[in-house]
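A.B. asks: Before I ask anything, here is the structure I am working with.
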Amino acid sequence: MTHEWVAYWWRHFGRPQSSLKRSELFVLALRIRGRLCGIAPFFIEEERFLGISARIVRFLGHGVSDYSDFIIAESRDAMLQNIVRHLAGYTVEWDMIELRDFYGASPNRSVLEGLIENAGFARSMGLDNICRFIHIEGDWEDYYKSRFKNRRRKEHKREWRNLKAGGDIRLRFVTSLEDEPGLLDIMAEMERHHPDVKRGRPGQLNTDAYRKFFEDVFPQFAMLGWLNIALMECDGRAVAYYLGFRYNRRHYTYMSSYLDEFRELGVGKLLMLRMLEHYWLSGDDEIDFLRGDETYKGDWTTDARQNTRLVVSKRSLHAFYLRWFFFVLLPWMERRLPRVHKALSVASEGGLTALVRLVYHRLKRVISGGDDGSVQCREKRR
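With the sequence shown counted from 1, adding 89 to any position gets you our numbering.
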């Protein structure tokens, strides 16, 4: 978590996006004799649904960041104790606390749990996303052989030969934008022709918030030496990419895409193979696959960090009700009754008129044969 990342996140995701959600910064700076020693990077988001509202304290970067945590330089216990004391003294400002993707290796988590319980709050700690990683040590070929049997390695070589037989293949690792005009457009185009588009997932670079977010992030991170994009081109045409970042001797793979017409040639898998080799030989310490327990990540490593989700509320009937409504009922409805959830969301934001308009347009599409009534889900990440 860097200032640059959360500042752009706040600009494009944190500020209120609709009348259903209002938000404000709630960052706590902790000092010892005037010297900054700790930061609690919070914001308060007010969620509304059918006239019911809750003010929820969350980490900056919520939903977009793979790891969240406090930033503490020294006196950890004292810093955390002051954070909890401040939260306890300002309960009029919030109803619940939800800390998603609390960093799996954080030294703050266990200390914070005890302090919250001692402060008299109700709390629950559950599993959140898992993040697999590779510790870089030793020889690349030795590691590669330890993860894949001889038969699989031969398959990789054969797939490379087949890919090269179809055109001039070029791999590029982009860290500067000086000679890369339209790079975001190229990556967004690949997302528009990815197999997931058929399942209603247009790709994040084709959504307004993510596109504007990365328009800010790319030049800033490139200037700081943090941008790390792997591109595969066939006859000069980009066919696959991995968007990643390099920070503090670690490589982070954030998201990827490839063209559907090249799927049978395994361009995504082969680009990852060469990308991991490139990162391994860089002399850094770690490759982090970030959130998601996809099968291909398990092929490369068994090491993982288990992020957690901490939910805190006051000990009252009203607080219990809000916790059940926003963290149990609404997520269940969104998963099991997506149409009902969408209709109620529209009614909450735009009133009865907006709901009637939604139903009218849906019926019109069904009657005209342009809508088979199926539900499409948009992928939030990768």
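Every residue, glycine too, gets a C-beta built ideally from N, C-alpha and C.
Is it a yes or a no for the region 238-252 touching the region 416-426, going by three-plus beta-carbon pairs under 8 Å?
C.D. replies: The answer is no - the region 416-426 does not touch the region 238-252, with fewer than three Cβ pairs under 8 Å.
A.B. asks: What are the boundary residues of the beta strand (DSSP E) that glutamine 395 is part of?
C.D. replies: Element bounds for glutamine 395: 393-402.
A.B. asks: DSSP puts arginine 124 in a beta bridge; with which residues?
C.D. replies: Partner(s): Ile121.
A.B. asks: How should aspartate 231 be labelled, buried or exposed, when 16 other C-beta atoms within 10 angstroms of its C-beta is the threshold for buried?
C.D. replies: Exposed is the call here.
A.B. asks: Helix or strand or just coil, what does DSSP make of arginine 338?
C.D. replies: Arginine 338 falls in the coil class under three-state DSSP.
A.B. asks: Could you give the residue range of the beta strand (DSSP E) that holds glycine 178?
C.D. replies: From DSSP, glycine 178 is part of no beta strand (DSSP E) but of the alpha helix (DSSP H) over 165-178.
A.B. asks: Do valine 116 and alanine 129 come within 8 Å of each other at the CB atom, strictly closer than that value?
C.D. replies: Taking 8 Å as the Cβ cut-off, alanine 129 and valine 116 qualify as a contacting pair.
A.B. asks: Please go through the same chain and pick out, in chain order, the residues whose beta-carbon is closer than 6 Å to the beta-carbon of tyrosine 472, but skip the five residues on each side of it.
C.D. replies: With the chain covering 90 to 471 only, the question about residue 472 has no answer from this structure.
A.B. asks: Buried or exposed: where does valine 356 fall if 16 or more other Cβ atoms within 10 Å of its Cβ makes it buried?
C.D. replies: It is buried - the Cβ of valine 356 has at least 16 other Cβ atoms within 10 Å.
A.B. asks: Consider the Cβ of tyrosine 341: report whether some Cβ of chain C lies at a distance smaller than 8 Å.
C.D. replies: Absent here is chain C; the protein component of the structure consists of one chain.
A.B. asks: Does the separation of the CB atoms of glycine 127 and arginine 398 fall below 8 Å?
C.D. replies: Cβ distance not < 8 Å, so glycine 127 and arginine 398 don't count as in contact.
A.B. asks: Who are phenylalanine 138's beta bridge partners in DSSP?
C.D. replies: For phenylalanine 138, which the question treats as bridged, DSSP gives the partners Ile141.
A.B. asks: Which same chain residues, not among the five before or five after serine 437, have their C-beta less than 8 Å away from its C-beta?
C.D. replies: Hits under 8 Å: Leu109, Arg137, Phe138, Leu139 and Gly140.
A.B. asks: Per DSSP, glycine 227 forms a beta bridge with which residues?
C.D. replies: DSSP output for glycine 227 lists no bridge partner at all.
A.B. asks: Considering only the alpha carbon of each residue, which of Val401, His340 and Leu332 lies closest to serine 371?
C.D. replies: When only C-alpha atoms are compared, the closest one is His340.
A.B. asks: To the nearest whole angstrom, what separates the beta carbons of histidine 245 and leucine 362, a pair I think is in contact under 8 Å?
C.D. replies: With a Cβ gap of about 6 Å, histidine 245 and leucine 362 count as contacting.
A.B. asks: I think tryptophan 315 touches tyrosine 336, with their Cβ atoms under 8 Å apart; what is that distance to the nearest whole Å?
C.D. replies: Sure, about 5 Å apart at Cβ, within 8 Å.
A.B. asks: On the three-state DSSP scale, how would you describe glutamate 322?
C.D. replies: Note: glutamate 322 maps to strand in three-state DSSP.
A.B. asks: Considering only C-alpha positions, which residue in the set Trp249, Lys253 and Gly333 is nearest to methionine 276?
C.D. replies: Here the closest residue by C-alpha is Gly333.
A.B. asks: For leucine 426, count neighbouring C-beta atoms within 10 Å of its own C-beta (all shown protein chains included) and say buried if the count is 16 or more, exposed if not.
C.D. replies: Its Cβ having fewer than 16 others within 10 Å, leucine 426 is exposed.
A.B. asks: Among Ser265, Trp249 and Glu267, which residue has its Cα nearest to the Cα of arginine 259?
C.D. replies: Minimum Cα distance to arginine 259 is reached at Trp249.
A.B. asks: Do histidine 175 and phenylalanine 302 count as a contact pair if the criterion is CB distance below 8 Å?
C.D. replies: It is not a contact, given that the beta carbons lie outside the stated cut-off.
A.B. asks: Could you tell me how far apart the beta carbons of leucine 149 and glycine 178 are, in whole angstroms, since I believe they sit closer than 8 Å?
C.D. replies: About 21 Å separates the two Cβ atoms, so there is no contact after all.
A.B. asks: Is the beta carbon of methionine 279 less than 8 Å from the beta carbon of alanine 327?
C.D. replies: A contact, by the Cβ cut-off of 8 Å.
A.B. asks: Could you check the C-alpha separation between serine 164 and aspartate 184 for me, to the nearest Å?
C.D. replies: One C-alpha to the other measures close to 28 Å.
A.B. asks: Helix, strand or coil for tyrosine 343? Go by DSSP, reduced to three states.
C.D. replies: In this structure, tyrosine 343 counts as strand in the three-state DSSP scheme.
A.B. asks: Give me whichever residues DSSP pairs with tyrosine 330 in a beta bridge.
C.D. replies: BP columns for tyrosine 330 point to Leu320 and Ser346.
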